[in-house]
Amino acid sequence: MRKKLCIFVTALIVVTALLIAALFFALQTHYAKNIVNALFSQDSTYQASVENVHYTPPLNFELEGLQFQVEQQAYYLPSVRVWLSTMPWKNGKLAIDSLIINGGNIELHSTLTRPLHSLSLQQLAFQHVDLIGKEWSARNVNVQIEQPKWVNQSQHLPYGKALIEIEQLYTQGQALDDILLDIDNKAENSTVYGASFQWQGASFTGQAEQYQSKWSLVNVTIKHLSLIEEALEEALIEEPQIHERSTSAPSKLSSSLTELTRLLASFNFPVNHINSLDIMRSNLSIGDVQFENLAASIENIDLEKSIWDQPKGYLSFDADNARYHDVMLIAPTAKFTFSELGIQIEDFDADLNEGRILFSGLISPGQLALDSLTLSGVKWLENTNELGAQLWLSSQQLEQLSIQSLNIENSQFIQIEQAPFWQVSGLQVDGTNLTLVRQHQLGLWQGSIELSANTLSVDKTLVTQPIFSAHSDQDVLTIERAIFPLEHGYFRASAQWDKSKKSAPWSLDVEADSLPLKAILTPVAPHLPFDGLFDIQFEAKGLSGDYAMFAHSVSGEGFADIHQGRASLKQTPNEMLNDATTHEKIAQPFSLDNIAIVVDRGRIKIKSDVNEDNALIMGDLDLTKMAYATLLYTHQEPCQRLWFDLFTGKQYLTKQYLTKQCESAVSETKVDSKTKEMEPTETKAAQELEVQVN
283 MRKKLCIFVT
293 ALIVVTALLI
303 AALFFALQTH
313 YAKNIVNALF
323 SQDSTYQASV
333 ENVHYTPPLN
343 FELEGLQFQV
353 EQQAYYLPSV
363 RVWLSTMPWK
373 NGKLAIDSLI
383 INGGNIELHS
393 TLTRPLHSLS
403 LQQLAFQHVD
413 LIGKEWSARN
423 VNVQIEQPKW
433 VNQSQHLPYG
443 KALIEIEQLY
453 TQGQALDDIL
463 LDIDNKAENS
473 TVYGASFQWQ
483 GASFTGQAEQ
493 YQSKWSLVNV
503 TIKHLSLIEE
513 ALEEALIEEP
523 QIHERSTSAP
533 SKLSSSLTEL
543 TRLLASFNFP
553 VNHINSLDIM
563 RSNLSIGDVQ
573 FENLAASIEN
583 IDLEKSIWDQ
593 PKGYLSFDAD
603 NARYHDVMLI
613 APTAKFTFSE
623 LGIQIEDFDA
633 DLNEGRILFS
643 GLISPGQLAL
653 DSLTLSGVKW
663 LENTNELGAQ
673 LWLSSQQLEQ
683 LSIQSLNIEN
693 SQFIQIEQAP
703 FWQVSGLQVD
713 GTNLTLVRQH
723 QLGLWQGSIE
733 LSANTLSVDK
743 TLVTQPIFSA
753 HSDQDVLTIE
763 RAIFPLEHGY
773 FRASAQWDKS
783 KKSAPWSLDV
793 EADSLPLKAI
803 LTPVAPHLPF
813 DGLFDIQFEA
823 KGLSGDYAMF
833 AHSVSGEGFA
843 DIHQGRASLK
853 QTPNEMLNDA
863 TTHEKIAQPF
873 SLDNIAIVVD
883 RGRIKIKSDV
893 NEDNALIMGD
903 LDLTKMAYAT
913 LLYTHQEPCQ
923 RLWFDLFTGK
933 QYLTKQYLTK
943 QCESAVSETK
953 VDSKTKEMEP
963 TETKAAQELE
973 VQVN
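Each residue of the sequence shown is one higher than the last, beginning at 283 in my numbering.
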């Protein structure tokens, strides 16, 4: 019995071996296709078939023209190479050591890889295939995945260690070229060991690590990136398709890395953290600043948090130039260290308008605290008004601005955009422990400052070697000296303002000799037609808690003179003096002597002595009732007296017939001798002036 059993087993083994040998022999003939199709027909799930089969012993098959169908979605693969495992079954699945899909244009759906879910694969590869997804397309793709694993039916790329090479990937109007990717793809905490690609003429290389669902960039380098302000709207509306590779730089580029970040996020690669990023030889537009040939290093930045919430961040950069509106910085360089306190600016250094700017300090929300600020040899020759407006706007946006050490050396500023034109040359500024903005208000709130210059000119007024020094301590502002040497005189002033008290008491001491009158009138009353040289000695004090305090408290006294004066007044009859028609003006020389100025709790009296020119100025002002204020100037002309109201700018004539010559002149010209009716205040002042003159 035992002998018969041995004979049967031996025969069975021999028959099986013969069948296997016959099968292997048949697979090497033209019957191979029929055998494989017969095997496929045993399972109608995918309705698979092949056009041809090449068998290479012992376990290598090449299937040509593989067709199959998944959920009514038909697929055609030109060539599939299969290496069977020496252990044909693992965990109830057909074991395949390697499966390579070669060539073809494949429209990628989630159903494409579904047949592979029932296989035990050691390696899956795509070679020289073109893939088309829902919103993207990829050309000449090579993929090799070790131990691929799918966890759901909609997963395109299986988990596993993968090497990916793509000639061009196109999506959302953008093309990524020459993609190389070495990745350990996991359900979570994936790792990119190496990646590189080209985008918009720039090269990207680096690594990345995944934490939960977000990615951190590690040792990433970007070269030759050009991002300008034009948007990509036209490109983004194009349908995804495979494009011919461009050999020239694109004409429209993004203004930031937002587009690239969005592209990466569309491939389930949302970047939210920068571990280390280097940008080299790039042109970037960041906000309102454009950098040319930028080199930057960025570390430990969380892209999902505010710029003020980066406790360990770091940024350094240098560039050929940086432009902010009309301001051009040459060779700027700086380092920024992020902390819980804010952003520490270290050693910002740049060439600016033929000079140099250096500063360092701490910036935080609404506050700028500079350790030092130095301007050396800067020449600001145009758009000076715009600069002033920008600085003013910036000061309004800051809650506080402080500078521990301010140093401006040998700098020049010229303003010729609008009158009054001015310039300052050889400007020197030294400031210590300064607080210049507090609660959005610009001023000298704390510290000391001294300004000097070689020359200062406003219109035709030239000042040589002016000096200004002031300090503020505990809200008490003191102007120690303000000395402005003029061509034929000087201006000097000192003052104090105590803002620590609610009433804000102040005091002022002013002295001037031969100060051009036009320089005073142009900024405050440009309509007044007077010029000359002005002398004054004046002291005043009062309160400034509000206007009511000021108007009821200001008191002081002083004396003034005007010499070498000229009054450009109309020589026209009364009824035509104040119409809109242009009339001839004659520069009438005049002088005013010993102008007494008395201010008593807001009530101001101004009166000059009568001189040989018969010119006089006189008026009363009450700061609480400015609507009734009057200030009249008068001087004698042949046969008439001329009056000028300094507040309204109106002009009047009073006819006088003191001689027969005057009466004869009036009779011949038939000039109306009626004087224009004056307001009560004007009449009263005029009467007083008449008394003084006569």
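Here a beta-carbon is modelled for each residue, glycine too, at the ideal position from N, C-alpha and C. All values reported here derive from a predicted model rather than from experimental measurement.
DSSP state of residue i mapped onto helix, strand, coil
i, result
"Phe262", "This structure gives no information on residue 262, because the portion of the chain shown stretches from 283 to 976."
"Gly637", "strand"
"Pro702", "coil"
"Leu345", "strand"
"Ala477", "strand"
"His555", "strand"
"Thr327", "coil"
"Asn582", "strand"
"Leu373", "Sequence inspection shows Asn at residue 373; the Leu mentioned does not correspond to that position. DSSP places Asn373 in coil when its eight states are reduced to three."
"Ala909", "helix"
"Trp590", "coil"
"Ser537", "Residue placement at Ser537 is poorly supported in this model, since its pLDDT is 43, which falls under 50; the coordinates still yield a value, given next. Coil, per DSSP."
"His399", "helix"
"Asp600", "strand"
"Ala407", "strand"
"Leu724", "strand"
"Pro805", "helix"
Close Cβ partners of residue i (< 6 Å) along its chain, the five nearest in sequence each way excluded
i, result
"Ser579", "Asp560 and Ser598"
"Lys594", "Asn582"
"Asn980", "Residue 980 is absent from the structure shown; the chain starts at 283 and stops at 976."
"Pro702", "Val740, Asp741 and Thr804"
"Phe630", "Ala616 and Phe641"
"Leu462", "Glu447 and Ser478"
"Asn736", "Ser707 and Gly708"
"Asp891", "Asp875 and Asn876"
"Leu744", "Glu769"
Identified DSSP bridge partners for residue i
i, result
"Trp662", "Phe695"
"Asp780", "Val758"
"Arg883", "Bridge partners of Arg883: none, in fact."
"Lys496", "Tyr493"
Same chain, Cβ closer than 7 Å to residue i, neighbours up to 5 away in sequence not counted
i, result
"Val332", "Lys315, Val318, Asn319, Leu345, Glu346, Gly347 and Leu348"
"Ile761", "Ala752, Ala775, Ser776 and Ala777"
"Glu353", "Thr393"
"Phe322", "Ala330 and Ser331"
"Gly637", "Leu657, Ser658, Gly659, Val660, Lys661 and Ser693"
Beta-carbon proximity list for residue i, same chain, < 8 Å, skipping 5 on both sides
i, result
"Gln700", "Asn667"
"Trp674", "Leu724"
"Leu367", "First, the amino acid is wrong: residue 367 is Ser here, not Leu. Here the set comprises Leu341, Ala377, Ile378, Asp379, Ser402 and Gln404."
"Asp591", "Asp584"
"Ala407", "Ser380, Leu381, Ile382, Ile383, Asn424, Val425, Gln426 and Ile427"
Whole-angstrom distance between residue j and residue i, CA atom to CA atom
i, j, result
"Phe486", "Gln437", "27 Å"
"Ala897", "Val792", "25 Å"
"Asn860", "Val836", "The predicted model places Asn860 with a pLDDT of 49, which falls under 50 and marks its position as unreliable, so this point remains unresolved."
"Ile465", "Asn471", "11 Å"
"Ala457", "Tyr358", "27 Å"
"Tyr337", "Tyr596", "60 Å"
"Ala469", "Gly624", "37 Å"
"Ile446", "Asn557", "24 Å"
"Ile780", "Val880", "The question names Ile, yet the displayed sequence has Asp at residue 780. Between Asp780 and Val880, the C-alpha separation is close to 24 Å."
"Ala869", "Gln846", "12 Å"
"Asn893", "Thr916", "12 Å"
"Phe820", "Ser754", "23 Å"
"Asp813", "Gln721", "41 Å"
"Ile731", "Leu655", "13 Å"
"Ile612", "Asn689", "20 Å"
"Gly670", "Tyr606", "15 Å"
Cβ pair residue i, residue j closer than 8 Å
i, j, result
"Glu691", "Gln710", "yes"
"Thr503", "Glu491", "no"
"Phe773", "Ala794", "yes"
"Ser419", "Ala484", "no"
"Val553", "Ala604", "no"
"Glu428", "Gly442", "yes"
"Asp459", "Gln480", "yes"
"Ser644", "Gln672", "Per the sequence shown, the amino acid found at residue 644 is Leu instead of Ser. Against a cut-off of 8 Å, the Cβ pair of Gln672 and Leu644 comes out as no contact."
"Glu628", "Ala601", "no"
"Leu759", "Val719", "no"
"Gln435", "Arg396", "yes"
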